[in-house]
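Chemist:
Okay, structure coming up:
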């Protein structure tokens, strides 16, 4: 019987070849598409809100037909000199009356969130790689982020069944290949110019929207130069608001306002789906 690692590697290679073939055959029809890159982290409530309540709309109003959507789940994490990943908990999620608190009694919870975020970043990275079709992997990511908004991110593994995807991403995580993918995302995020200051960080055709990311659909319509402009663009193309009010700081998880916690030094294996449904994360 072939080793699990070899089977996974074969699946990943075949997936990559298929994705490349699909991209090549569709290159003529998508050459005018607008590239939208979302740099995010899985447990940032503002990233989850953007994905669930805003980014979803481009799948509903037809804008996805002119968009090459790229999801980069790394965010404000970073890599230590010893190679381990560190993730963070967004303090803004704990704000009370505009003030940010770090209570001693919350330390264990915060540590757990840092660890969970690194795991879920990697799971989503594996899902994006193994299921390159944007509709398929976005459906899974949307499911996980919706649970995050509900405070139920520990039920993430149910999203495989809910979205009809296989659990190969779990094998990807357990094999360590997910960390390879995450390192690529880390490098890409670190090379952003200008550097990202918060997440969600949205880039449209290499233009960072910064504080104006809420207008991302209008930027898509403005950037599209093809002749297949969706009906939705008729009501969006003139709505870019350059006023100072629009430029005020939006909700987001800022790099300098969050604390970071070590995780993935000795990552635990995720059990198979049948067992995992009985022993979920957390």
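In mature numbering (1 follows the signal peptide of the UniProt record, and there is no 0), the protein residues as written are -19 to -1, 1 to 263.
We put the CB at the ideal spot given by N, CA and C, even for glycine.
Owing to the predicted nature of the structure, the values given are computational and were not obtained by experimental measurement.
Give me the Cα-Cα distance between residue 26 and residue 125, rounded to the nearest whole angstrom.
Modeler: Locating residue 26 in the chain shown gives position 45, where the first residue counts as 1. Locating residue 125 in the chain shown gives position 144, where the first residue counts as 1. Taking the straight line joining both Cα atoms gives about 12 angstroms.
Chemist: For a test of the three-state rule: what should DSSP assign to residue 153, helix, strand or coil?
Modeler: In the chain shown, residue 153 corresponds to position 172, counting from 1. If DSSP states are grouped into helix, strand and coil, residue 153 belongs with the helices.
Chemist: Relative to the C-alpha of residue 47, which candidate in 160, 212 and 216 has its C-alpha closest?
Modeler: The count along the chain shown starts at 1 and reaches residue 47 at position 66. Checking every option, the nearest Cα to that of residue 47 belongs to 212.
Chemist: For residue 250, which residues from the same chain have a beta carbon less than 8 angstroms from its beta carbon, with the 5 sequence-adjacent residues on both sides left out?
Modeler: Within the chain shown, residue 250 is the residue found at index 269, counting from 1. Cβ within range, chain order: 155.
Chemist: DSSP puts residue 183 in a beta bridge; with which residues?
Modeler: Taking the first residue of the chain shown as 1, we reach residue 183 at position 202. DSSP, once it has assigned bridges, lists 19 as partnering residue 183.
Chemist: Given residue 9, which residues of its chain have a CB within under 7 angstroms of its CB, disregarding the five upstream and five downstream residues?
Modeler: Locating residue 9 in the chain shown gives position 28, counting from the first residue. For residue 9, the pLDDT reaches just 39, beneath the cut-off of 50, and the residue's location in the model is therefore unreliable, although a value from the coordinates is still provided. Around residue 9: no qualifying Cβ.
Chemist: What do you reckon, are the CB atoms on residue 123 and residue 101 nearer than 8 angstroms?
Modeler: Position 142 of the chain shown holds residue 123. Position 120 of the chain shown holds residue 101. No, Cβ-Cβ distance for residue 123 and residue 101 is not below 8 angstroms.
Chemist: When you compare only the Cα positions, how much space is there between residue 73 and residue 169?
Modeler: Numbered from its first residue, the chain shown carries residue 73 at position 92. Numbered from its first residue, the chain shown carries residue 169 at position 188. Low local confidence applies: a pLDDT of 48 at residue 73 is under 50, so the model's placement there is unreliable, with the coordinate-based value given in what follows. Roughly 25 angstroms separates the two Cα atoms.
Chemist: Keeping to the same chain, check which residues put their C-beta closer than 6 angstroms to that of residue 120; ignore five residues upstream and five downstream.
Modeler: As a working note, residue 120 is residue 139 in the chain shown. 144, listed in sequence order.
Chemist: How would you write the range of the beta strand (DSSP E) that residue 49 sits in, first residue to last?
Modeler: Reading the chain shown from its first residue, position 68 is the one you call residue 49. It spans 48 to 54 - the beta strand (DSSP E) in which residue 49 sits, taken as one unbroken run.
Chemist: Name the DSSP beta bridge partners of residue 235, please?
Modeler: For the purposes of this step, residue 235 is identified with residue 254 of the chain shown, where counting begins at 1. Note: residue 235 sits in a beta bridge opposite 179.
Chemist: Mapping DSSP to helix, strand and coil, what is residue 264?
Modeler: Outside the modelled stretch of the chain, which goes from -19 to 263, sits residue 264, for which no answer is possible.
Chemist: Just list the residues that DSSP pairs residue 197 with in beta bridges.
Modeler: For the purposes of this step, residue 197 is identified with residue 216 of the chain shown, where counting begins at 1. Paired residues: none, contrary to the question.
Chemist: Cutting at 6 angstroms between CB atoms, please list the residues of its own chain near residue 262, excluding the five before and the five after it.
Modeler: The residue labelled residue 262 in the question sits at position 281 within the chain shown. A caution first: residue 262 carries a pLDDT of 42, below 50, which makes its placement in the model unreliable, though a value can still be read off. Hits under 6 angstroms: 135.
Chemist: Around the C-beta of residue 12, are 16 or more other C-beta atoms found within 10 angstroms, so that it is buried, or is it exposed?
Modeler: Here the question's residue 12 lines up with position 31 in the chain shown. Residue 12 comes out exposed.
Chemist: Could you check which residue in 67, 117 and 62 has the C-alpha nearest to that of residue 22?
Modeler: Numbered from 1 along the chain shown, position 41 holds the residue referred to as residue 22. Considering only alpha carbons, the answer is 67.
Chemist: Classify residue 60 as helix, strand or coil using the three-state DSSP reduction.
Modeler: Sequence index remark: in the chain shown, residue 60 carries index 79 (1-based). Strand.
Chemist: Give me the DSSP bridge partner(s) of residue 189.
Modeler: Here residue 189 corresponds to residue number 208 of the chain shown, with the count starting at 1. Answer by DSSP bridge pairing, in chain order: 184.
Chemist: Hey, residue 162 and residue 106: beta-carbon distance below 8 angstroms or not?
Modeler: Position 181 of the chain shown, counted from the start, is the residue given in the question as residue 162. Position 125 of the chain shown, counted from the start, is the residue given in the question as residue 106. Closer than 8 angstroms, so yes.
Chemist: Whole-angstrom Cβ separation of residue 197 and residue 185, contact assumed at under 8 angstroms?
Modeler: Position 216 of the chain shown, counted from the first residue, corresponds to residue 197. Position 204 of the chain shown, counted from the first residue, corresponds to residue 185. At roughly 6 angstroms, the Cβ-Cβ gap stays under 8 angstroms, so residue 197 and residue 185 are in contact.
Chemist: Could you round the C-beta distance between residue 24 and residue 129 to whole angstroms and report it? I think they count as a contact, below 8 angstroms.
Modeler: Taking the chain shown and counting its residues from 1, the one referred to as residue 24 is at position 43. Taking the chain shown and counting its residues from 1, the one referred to as residue 129 is at position 148. About 6 angstroms; that satisfies the 8 angstroms criterion.
Chemist: In the DSSP assignment, find the alpha helix (DSSP H) that holds residue 129 and state where it starts and stops.
Modeler: Indexing the chain shown from 1 puts residue 129 at position 148. 115 to 130 is the extent of the alpha helix (DSSP H) around residue 129.
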